[in-house]
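Heads up: the structure comes next, in structure tokens.
In my numbering, the protein residues as written are 52 to 440.
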């Protein structure tokens with residue numbers, strides 16, 4: 052292999068020019084092969100010469116600069132002519148030529164079947180050798196161009212496929228974003244409709260007891276069966292039970308639990324602006340030193356309702372953890388508590404305005420009198436007075 056490698060290095064050391072081609076000559080060592088090689092090299096082409104089928108195959112596998120393979124038809128080995136088809140399977144542009152010193156119809160047919168493009172009878176065809184090789188090389192050039200175009204087309208297809216995949220991923224992401232935006236918009240519209248409906252119901256009530264009853268009925272329709280307690284401010288820093296719904300403690304007095312729950316939770320929520328949720332009600336009760344087993348295996352949700360920075364109510368919902376509160380409940384309650392706080396604030400302002408504007412002296416034409424005792428009674432008690440449920 053070393054002599055052949057040196058020969059290849061010498062042949063390719065200056066590269067192949069645009070008007071030069073590389074031809075592989077496989078033939079028996081002799082005058083005919085030498086004369087053929089000399090004439091082809093005189094045309095300016097590079098010749099790789101060997102008498103070994105094995106070496107010829109290695110050259111074909113190693114160098115893609117080979118354009119033409121010329122094979123001595125007198126090599127009585129079917130594998131030799133078969134190299135033409137084998138080389139074309141490697142690189143489609145390679146063209147094959149078979150030469151012989153006599154015209155052999157059987158050999159000609161066999162060569163054509165194996166992919167040969169020409170059959171030379173030497174030395175008779177030496178005069179037409181250059182023109183026939185030029186025609187052959189034109190086909191090689193066209194085939195190389197077609198192969199290059201096909202390669203470029205395949206590269207373009209791969210790039211387009213990659214771009215399509217990338218675009219498809221981007222479209223999937225965009226579709227996901229649009230779907231998420233649609234769901235968010237749908238939820239917001241649903242929340243807006245719900246809040247509007249809730250506002251319509253509670254705004255008709257100016258009595259605290261009636262308004263709380265209406266509000267709890269609406270909330271519990273969406274929450275499902277749940278214990279509920281509403282705590283209202285009785286004095287600064289002190290809350291009392293304003294309304295409640297007893298769902299699953301009908302066999303016992305729930306008031307001790309409600310009071311203990313309120314004493315712990317109202318203080319913590321007085322300045323809390325978010326909803327709070329306790330997954331383990333029993334653990335929360337023990338942490339707050341509430342001696343009750345009624346909250347074991349329970350979940351608790353609580354929040355404060357505010358108006359103009361003032362805490363006007365604290366609502367607590369709790370039930371068995373076997374029927375847990377869904378995550379979507381938080382958004383629903385967060386929307387409703389603002390509306391509830393606003394309506395409570397409205398009632399408080401009406402109550403305060405009526406109390407402040409009510410005559411404190413003899414009413415003159417009305418005939419009604421309010422003594423000091425009546426006035427004192429009016430200002431005693433809680434902020435809500437008799438309005439609390």
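We treat Cβ as the ideally placed atom computed from N, Cα and C, and that holds for glycine.
This structure is a prediction, so every number in the text was calculated from the model and none was measured.
Quick one: Cα of residue 125 to Cα of residue 214, how far?
-> C-alpha separation (whole angstroms): 55 angstroms.
Taking the Cβ atom as the reference point for each residue, do residue 266 and residue 346 lie within a distance shorter than 7 angstroms?
-> no
Inter-stretch contact (C-beta, 8 angstroms, three-pair minimum) for the segment 150-165 and the segment 180-188 | no
Touch check for the segment 229-243 and the segment 348-365: three-plus C-beta pairs under 8 angstroms?
-> no
Verify whether the separation of the beta carbon atoms of residue 84 and residue 180 is less than 7 angstroms.
-> no
Take residue 313 and list the residues in its own chain whose beta-carbon comes closer than 8 angstroms to its own, dropping the five residues that flank it on each side.
-> 280, 282, 290, 291, 292, 365, 367
Option nearest residue 353 by Cα separation, candidates 342, 360, 322 | For the residues 342, 360, 322, the minimum Cα distance to residue 353 belongs to 322.
Give me the Cα-Cα distance between residue 348 and residue 315, rounded to the nearest whole angstrom.
-> 19 angstroms
Can you tell me the Cα-Cα spacing of residue 294 and residue 264, whole angstroms?
-> Just so you know, the alpha carbons of residue 294 and residue 264 end up roughly 8 angstroms apart.
Work out the CA separation of residue 227 and residue 198 for me, nearest whole Å.
-> 42 angstroms
Of the residues 239, 268, 242, the one placed nearest residue 252, counting alpha carbons only | 268
Cα-Cα separation between residue 305 and residue 359, rounded to whole angstroms = 33 angstroms
Is DSSP giving residue 351 helix, strand or coil here?
-> Shown here, residue 351 sits in a strand according to DSSP, grouped into three states.
Which residues bound the beta strand (DSSP E) around residue 148?
-> 146-151
Does the separation of the CB atoms of residue 146 and residue 168 fall below 7 angstroms?
-> In this structure, residue 168 lies closer than 7 angstroms to residue 146 by Cβ.
Distance between residue 397 and residue 296 (C-alpha atoms, nearest Å) = 24 angstroms
If you compare alpha carbons, which of 129, 123, 137, 87 is closest to residue 109?
-> 137
Look at the alpha carbon of residue 71 and the alpha carbon of residue 206, and state the distance between them as a whole number of angstroms.
-> 28 angstroms
Are residue 166 and residue 139 touching if we call contact CB-CB under 7 angstroms?
-> With respect to the 7 angstroms criterion, residue 166 and residue 139 are classified as neighbours on the basis of their beta carbons.
Selection from 113, 328, 104 that minimises the alpha carbon distance to residue 129 | 104
Member of 317, 254, 275 whose CA lies at the smallest distance from the CA of residue 285 = 317
Rounded to whole angstroms, what's the CA-CA distance from residue 158 to residue 208? Just pull it up for me.
-> 43 angstroms
Closest by C-alpha distance to residue 307, when choosing among 335, 343, 327 | The candidate whose alpha carbon is nearest that of residue 307 is 343.
Given a threshold of 16 other Cβ atoms within 10 Å of its Cβ, counted over all protein chains shown, does residue 385 qualify as buried or as exposed?
-> exposed
Give the DSSP bridge partners of residue 122, in chain order.
-> 77, 149
Just curious, the alpha helix (DSSP H) that residue 189 is in, first and last residue?
-> 180-253
For residue 202, the nearest candidate out of 149, 273, 381, 143 (CA to CA) = 143
In terms of alpha-carbon separation, which member of 182, 387, 404 lies closest to residue 239?
-> 387
Got a sec? Which residues, its chain only, sit under 8 angstroms from residue 438 by beta carbon, not counting five neighbours each side?
-> The predicted model places residue 438 with a pLDDT of 39, which falls under 50 and marks its position as unreliable; any figure quoted below should be read in that light. The answer, listed in chain order, is 258, 259, 260, 398, 402.
Identified DSSP bridge partners for residue 361 = 358
Hey, how far is the Cα of residue 319 from the Cα of residue 327?
-> 10 angstroms
Test item: CB-CB of residue 171 and residue 122 under 7 angstroms = no
Reference residue 376, options 350, 389, 355, 382, closest by Cα | 350
Bounding residues of the beta strand (DSSP E) (the contiguous stretch that carries residue 168) = 167-172
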